[in-house]
Amino acid sequence: MDSISLAKCVWHYDNIEQYHPTRNPDGGLFTQYVNTLMKIKLESERYPARVQMDEQKREYEMEVYNRENISLDPSKIFKNPGKRALAKLMLNSFCEKFGQ
Numbered sequence: 003m004d005s006i007s008l009a010k011c012v013w014h015y016d017n018i019e020q021y022h023p024t025r026n027p028d029g030g031l032f033t034q035y036v037n038t039l040m041k042i043k044l045e046s047e048r049y050p051a052r053v054q055m056d057e058q059k060r061e062y063e064m065e066v067y068n069r070e071n072i073s074l075d076p077s078k079i080f081k082n083p084g085k086r087a088l089a090k091l092m093l094n095s096f097c098e099k100f101g102q
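Counting in the numbering used here, the final residue of the sequence shown is number 102, and the numbers go up one at a time with none missing.
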């Protein structure tokens with residue numbers, strides 16, 4: 003007669019840490035890495051099609067700053083597909099590695 007034994011493992015933690023945005027408003031461990039690559043990616047694109055005038059460009063830059071806390075340099079915003087692809091690859095590879 004075959005019997006199957008089932009082993010269970012119980013883990014006990016005395017203390018755990020959880021990320022709280024109110025306690026750490028500057029972001030988490032990888033915030034600087036992600037923000038740097040996002041800045042490179044955004045600056046390597048053109049302005050969105052809806053942005054034509056200088057005032058709209060400033061509004062777009064403020065919108066990105068308010069939403070992502072990333073300051074764009076207007077003199078660096080021009081189409082550069084290679085630089086954009088590299089920044090995007092690094093961002094996606096990072097997310098995939100920690101998503102395993």
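Glycine is no exception: its CB is placed at the ideal position from the N, C-alpha and C atoms.
Since we're looking at a predicted model, the values are computed, not measured.
For the pair F96 and R48, the CB atoms are not nearer than the 9 Å cut-off.
Proximity of the stretch 5 to 13 to the stretch 54 to 71 falls short of the contact definition, fewer than three beta-carbon pairs being nearer than 8 Å. In the structure shown, G84 falls within a helical segment according to DSSP collapsed to helix, strand and coil.
In the DSSP assignment, N68 falls within the alpha helix (DSSP H) that extends over 56 to 70. A direct Cα-Cα distance of roughly 16 Å separates M40 from G30.
Taking a 10 Å sphere around the C-beta of A89, we find 16 or more other C-beta atoms and assign the residue as buried. Residue burial is scored here from C-beta neighbours: L91 has fewer than 16 other C-beta atoms within 10 angstroms and is therefore classed as exposed.
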